[in-house]
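One structure is given here, and the rest of the page talks about it.
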Amino acid sequence: MALAPENTLAAFGRATSLGLSYLETDVHTTRDGHVVCFHDATLRRVTGHPGKVADLDLADLRRLRVDGTDQIPTLAEAMATFPQARFAIDLKDEASIGAMAQLLHAHPSWAARVLVAGAWSRWLRRLQDEAPGVTTALGWRSLTTLIACSRGGVRPVGVRPGTGVFAHVPIRLGRLPIHSERVIARAHEMGIRVVVWTVDDPATMRSLLDAGVDGIITDRPDVLREVLISRGQWTPLPSAAPVTLPR
1 MALAPENTLA AFGRATSLGL SYLETDVHTT RDGHVVCFHD ATLRRVTGHP
51 GKVADLDLAD LRRLRVDGTD QIPTLAEAMA TFPQARFAID LKDEASIGAM
101 AQLLHAHPSW AARVLVAGAW SRWLRRLQDE APGVTTALGW RSLTTLIACS
151 RGGVRPVGVR PGTGVFAHVP IRLGRLPIHS ERVIARAHEM GIRVVVWTVD
201 DPATMRSLLD AGVDGIITDR PDVLREVLIS RGQWTPLPSA APVTLPR
């Protein structure tokens, strides 16, 4: 997120203060089993630390700062701090499958607030097995099949809506645009909603909304908010008090 250090409580707070109802984050799991909001497997890019998230305990991560200012939050902290928000969660490592399932078992009401995406369909199927009722996106194989068949004008074979009710579609791969009205229309025919990432340009946002996209992931929630307001499509997030986690 461009308005605050990525994947931090400050970033989530900035988005919710603008009235956004969905927050996107990436997760890894620490050596001692805590799901944390962090994009990379390694820590160097945003903290300067040479290690990996998976090789450190949460107490070790607490001493680090993202962009020199903000702690790395746990997913539990983020969900408790912003109880009215829903979270689009990108699983970045296999350890997070079981850890996510444990978190959802500990907080059953949170399952209705999350949409879980990930590159591997088998990870998402395993999470569905371990946390029944959790909402997932299509895995990468099903997503690429949907895109290729939609562009070719044929109905996708092997894309099972039951394995995911959302498609998280990148705006492009390299220089190749991925989204299209055909992809969106075919997904909707199959009962799959389409969320496109990462879009920061207002003209592209408007084009996607015109095409019927269901959601946009952006690093500029302020820009998206203004676009939605200008189209009469803005519904702000209601406020709520943070939840206190047990210690």
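Under full-length UniProt numbering, the first residue of the sequence shown carries the number 1, and numbering increases by one thereafter. Positions of the beta carbon are idealized from the N, C-alpha and C atoms, including for glycine.
So the candidates are F87, G33, D55 and I147; which of them puts its Cα closest to the Cα of D26? Out of F87, G33, D55 and I147, F87 has the C-alpha closest to the C-alpha of D26.
What does the Cβ neighbour count give for R45, buried or exposed, with the cut at 16 atoms within 10 Å? exposed
Closer than 8 Å is the cut-off here; do at least three beta carbon pairs connect the segment 41–61 with the segment 141–156? no
Grab me the residues of V183's own chain with a C-beta within less than 6 Å of its C-beta, minus the 5 sequence neighbours each way, in chain order. I147 and S150
Let's see if you can read the secondary structure: which residues bound the beta strand (DSSP E) around A88? From DSSP, the beta strand (DSSP E) with A88 extends over R86 to L91.
What's the gap between the Cα of F166 and the Cα of A117? 9 Å
Based on the DSSP output, what are the partners of I216 in its beta bridges? Under DSSP, I216 takes part in a beta bridge, and its partners are V196.
With distances taken between CB atoms, is the gap from A41 to H49 smaller than 8 Å? Contact: no.
In whole angstroms, what is the alpha-carbon distance linking A10 and S230? 26 Å
On a Cα-Cα basis, can you pick out the residue from T69, A131, M190 and F82 that is closest to A106? A131
Please list, in chain order, all residues of the same chain as D214 whose beta carbon is under 7 Å from its beta carbon, the five residues on each side excluded. R193, V194 and V195
Beta bridge counterpart(s) of G118 as assigned by DSSP: BP columns for G118 point to L91.
Cut-off 6 Å between Cβ atoms - residues of its own chain near L143, not counting five sequence neighbours on either side: A167
If you measure between the beta carbons of L237 and G19, is that distance less than 8 Å? yes
Quick check for students: name the residue ranges of the alpha helix (DSSP H) that lie wholly in the segment 47–112, counting only runs of 4 or more. Every unbroken stretch of the alpha helix (DSSP H) spanning 4 or more residues and falling wholly within the segment 47–112 is given here in chain order: 58–62, 75–81 and 95–106.
Can you list, in chain order, the stretches of the alpha helix (DSSP H) that have 4 or more residues and sit fully within the segment 124–168? As far as the segment 124–168 is concerned, its whole alpha helix (DSSP H) runs of at least 4 residues are 140–152.
Please look up how many angstroms separate the CB atoms of V35 and L115, rounded, as I've assumed it's under 8 Å. Not confirmed; about 15 Å, so no contact.
Residue range of the unbroken alpha helix (DSSP H) whose run includes T29: Run containing T29: none in the alpha helix (DSSP H); it sits in the beta strand (DSSP E), Y22 to T29.
Start-to-end residues for the alpha helix (DSSP H) that takes in A4: Run containing A4: none; DSSP gives neither H nor E here.
Is the distance from the Cβ of A211 to the Cβ of E181 below 8 Å? yes
Taking Cβ positions, are L91 and L64 nearer each other than 8 Å? The answer is no: Cβ separation not under 8 Å.
Give the DSSP bridge partners of V36, in chain order. H28 and T74
Closest Cβ-Cβ distance between G133 and chain C: below 8 Å? Considering every chain present, this structure includes no chain C. It has just one protein chain.
Between the CA atoms of V199 and I217 - distance to the nearest angstrom: 6 Å
To the nearest angstrom, how far is the alpha carbon of A119 from that of E77? 25 Å
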